[in-house]
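*Asks:* Just so we're aligned: 223 in numbering that gives the first Met the number 0 is position 224 of the sequence shown, and the numbers increase by one with no gaps anywhere.
Here it is, the structure in full.
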Amino acid sequence: MPKKIEKEVFELLGLINSSLDLEVVLNNALRCAERFMAAEASSLFLIDEKRGDLYFHLARGEAAEKIKHFRLKIGQGVAGWVAQTGEPLIVAEAHLDPRFDPQVDTFSGFQTRSILCVPLKRKGQVTGVVQVLNKRDGRGFDSHDQELLTMLADHIAIALENAKCYQGVEEVLEQVVVTLSMTTEIRDPYTAGHQRRVAELATALARELGLSEDEVKCLRISGLLHDIGKMVVPAEILSKPGKLSELELGLIKTHSQAGYDILKGVKFPWDIATIVLHHHEHLDGSGYPAGLQGEEIMPEARLLAVADAVEAMASHRPYRPGLGLDKALEELHRRRNVWYEGRVVDACLRLFEKGFHWA
């Protein structure tokens, strides 16, 4: 393999292995496949195991949007033939090859001239196909292109498998977190659903502020677990009707530190323990447990504090009636840039103006 191409392959492999976001990986892979093989377009089909056919998981090129919902039977067209046989295929003149199915071209208006299509395989099983279309120099694809695309397909298949495994781990993590959250609320039936609602609002706030999906996941889990430290607060205090004494309030305020102590040994992908520790801190230093100010408070905790405050103020508690949503939002605005970060408060007000509501 020429050194220039070899270098480009290693660059692509770096891109493939640089992210756990499957769509980023696949977009990078197809983009680079087009670049290396001077192709006009590219696409990735995956096998739908339930339906037993092929669907466009990703397509690039001028007709990509038109064909994204198109499906092929196994054995139909060049992609279907490759999926059925598990063999790569070079088609120099598409409309002269009996395996070529013109339906996609007819539907999209794209004109396919030449095709290079190779299978994606994991553990000997075909899981999909990747193809590039129309060599820009008009000469058609060759065995060197096939070797290169096959190499890339192997790494795409590995990336797909890694993403599938990672998704499985995330699903298990979600189940464990939800179970822990429910366990916390069993001891405090008056606030049942509070952590779920805080998680919903924190997730919506994160998206409203344009945070990444990774940060959204972090805030969802933080919301579901932010009051886990209440497990160490006596149940009779959590459910006590009427005004709490200073001592009782002090015991409730220990839940942030207790939550940190419970979670600090758990190896989350994010610093959930510190977010939980900081979620009752205020910008002006009047919060607890450490009286942190401004930037000393984790950004995620500053967002979570807004979600927690709105839900808590709006809802009834054994020791006080709820303010209702409108009054809670007024109070939130009054504390803007005093207790709560201004941009997060503004995002929260926008969300409710747009009609946000808890499920």
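Virtual Cβ for every residue (Gly too), placed ideally from N, Cα, C.
1) With distances taken from CA atoms, which of Gly264, Arg206 and Glu169 is nearest Ala346?
2) Hey, quick one: how far does the alpha helix (DSSP H) through Phe109 stretch, first residue to last?
3) Judging by CA-CA distance, which residue of Glu329, Leu21 and Arg138 is the nearest neighbour of Ala37?
4) Give the DSSP-derived three-state secondary structure of Tyr259 in the structure shown.
5) With a threshold of 8 Å on Cβ separation, who are the neighbours of Tyr339 within its own chain once the five nearest residues in sequence on each side are excluded?
6) State yes or no: is the C-beta of Phe44 within less than 8 Å of the C-beta of Gly127?
7) Just the C-alpha distance for Leu21 and Leu237, rounded to the nearest angstrom, thanks.
8) Nearest to Arg342 by alpha carbon, out of Gln83, Asp325, Gly209 and Leu147?
9) Could you tell me the distance, in whole angstroms, from the CA atom of Ala313 to the CA atom of Leu322?
10) Helix, strand or coil: which one does DSSP assign to Glu39?
11) Using only the alpha-carbon positions, how far apart do Pro288 and Glu299 sit?
12) Rank Gly258, Pro240, Arg121 and Ala234 by C-alpha distance to the C-alpha of Ile185 and give the top, closest one.
13) With 16 other CB atoms within 10 Å as the buried threshold, where does Ser221 fall?
14) Considering only residues of the segment 46-102, which uninterrupted beta strand (DSSP E) runs meet the minimum length of 3 residues and lie entirely inside it, listed in chain order?
15) Roughly how many angstroms separate the alpha carbons of Gly249 and Leu151, rounded to a whole number?
*Replies:* Looking at the coordinates:
1) Out of Gly264, Arg206 and Glu169, Arg206 has the C-alpha closest to the C-alpha of Ala346.
2) Counting along the chain, Phe109 falls outside any alpha helix (DSSP H), and DSSP gives it neither H nor E.
3) Looking at Glu329, Leu21 and Arg138, the one whose alpha-carbon comes closest to that of Ala37 is Arg138.
4) In the three-state scheme derived from DSSP, where H, G and I count as helix and E and B as strand, Tyr259 is classed as helix.
5) Contacts found: His281, Leu282, Arg301, Ala304, Val305, Ala308 and Leu331.
6) Going by C-beta atoms, Phe44 is nearer than 8 Å to Gly127.
7) A direct Cα-to-Cα measurement between Leu21 and Leu237 gives close to 43 Å.
8) When each option's Cα is compared against that of Arg342, the closest is Gly209.
9) Distance between the alpha carbons of Ala313 and Leu322: 5 Å.
10) In the three-state DSSP reduction, Glu39 falls in the strand class (E or B).
11) Approximately 17 Å, taken between the alpha carbons.
12) Closest option to Ile185, Cα to Cα, is Ala234.
13) By the neighbour-count rule (16 or more Cβ atoms within 10 Å), Ser221 is buried.
14) Listed in chain order, the complete beta strand (DSSP E) runs (minimum 3 residues) inside the segment 46-102 are 52-59, 70-72 and 88-90.
15) The alpha-carbon atoms of Gly249 and Leu151 are separated by roughly 60 Å.
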